[in-house]
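Numbering (our numbering), first residue to last: 13 to 55.
Reading through the structure tokens given below for one structure.
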Amino acid sequence: MKQVKVQIITELPCQVLILEQEAVAEGFRFLTRLIEEWKSGKN
Numbered sequence: 013m014k015q016v017k018v019q020i021i022t023e024l025p026c027q028v029l030i031l032e033q034e035a036v037a038e039g040f041r042f043l044t045r046l047i048e049e050w051k052s053g054k055n
């Protein structure tokens with residue numbers, strides 16, 4: 013079985029913001045919610 017490594021990150025990669033913009037342009041807000049929850053510490 014392959015091992016999984018869990019790592020704490022202190023900032024989101026800039027690519028996530030690019031993906032969020034593309035998702036919002038297509039009517040999806042799941043990345044916006046993920047980013048907001050990550051920033052608040054909820055997720």
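Idealized CB from N, CA, C, for every residue including glycine.
Since the structure is predicted, the reported quantities are computational estimates derived from the model, not experimental observations.
Asked	Found
Pop quiz: Glu-32 and Thr-44 are said to be a contact at Cβ under 8 Å. What is the actual Cβ separation, rounded to whole angstroms?	6 Å
Residues in its own chain within less than 7 Å of Ile-47 by CB, not counting five upstream and five downstream?	Leu-24, Val-28 and Glu-32
Note the first and the last residue of the continuous alpha helix (DSSP H) segment covering Arg-45.	42 to 52
Looking at the secondary structure, which residues open and close the alpha helix (DSSP H) in which Leu-31 lies?	26 to 37
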